[in-house]
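Trainee: My structure is below; once you've seen it, I'll send some questions.
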Ligand code: B16
Ligand code: MG
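In UniProt numbering, the protein residues as written are 3 to 220.
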């Protein structure tokens, strides 16, 4: 039986992936003079703030000094925070509350594995901070996904070995991080994008722990 479930935040618990895209797109449009597509945005999911900016600048062939980059990253985050401040418990994605309840009932530990420095304020806003036994966020790690650090720290805090953990992720970089950590991975999204995940689901609606264990061969 699995001992711990590790959930990504953006795109799994809440649809903040969309807010990140909105804020980055606004930055590219208003400050850099080019646009970024939704397809390009896939490559930013799960990637840290500074690394995301570097990828956007490379994409638009723009070179900036560290101070300029810092200013743009701050501006993006200000816009992003404006968006997340409007969130309520209604923004929790379909099936999440029920699935977390089933997980707890099954005696499986619940951890958050997010690269975001805004993770805790978001969980507070949507009222589910207390659902987590461990929270690993951007303030606790030095390497973003696809590095496995965030999930390995989560397993450690929950007292589980990697092979007893399941990672729930919407990002290509996040699935890679879970795999590199030696964990089973559940992709939330499209199978043609999350090709490396052990199982891909559209969402966690009506998912039972038994069905999941079967699908993952636990
Ligand atoms: P912040 P996750 C990641 O969160 C996002 O997917 C990624 O788009 C974002 O750049 C990163 O957090 C950093 O977020 O700017 O709020 O610190 O998917 O790991 O939950
Ligand atoms: Mg994500």
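The C-beta atom is built at its ideal place from N, Cα and C for all residues, glycine as well. Since this is a predicted model, take the numbers as computed values, not measurements.
Short check: CB of residue 186 to CB of residue 168, under 8 Å?
Mentor: Against a cut-off of 8 Å, the Cβ pair of residue 168 and residue 186 comes out as a contact.
Trainee: Report the option in 157, 41, 11 and 199 whose CA atom is closest to the CA atom of residue 126.
Mentor: Out of 157, 41, 11 and 199, 11 has the C-alpha closest to the C-alpha of residue 126.
Trainee: Mind checking whether the beta-carbon of residue 119 lies closer than 7 Å to any heavy atom of ligand 2?
Mentor: No.
Trainee: Is residue 130 helix, strand or coil by DSSP?
Mentor: Coil, per DSSP.
Trainee: Starting from residue 187, trace the beta strand (DSSP E) both ways and give me its first and last residue.
Mentor: Element bounds for residue 187: 186 to 190.
Trainee: Distance check for residue 62 and residue 79, CA to CA, integer angstroms please.
Mentor: In a straight line, the C-alpha of residue 79 is about 20 Å away from that of residue 62.
Trainee: With DSSP as the reference, label residue 216 as helix, strand or coil.
Mentor: Helix.
Trainee: Per DSSP, what kind of secondary structure is residue 33 in: helix, strand or coil?
Mentor: Residue 33: helix per DSSP, three-state reduction.
Trainee: Label residue 134 either buried or exposed according to how many other C-beta atoms from any shown protein chain fall within 10 Å of its C-beta, with 16 as the threshold for buried.
Mentor: Buried.
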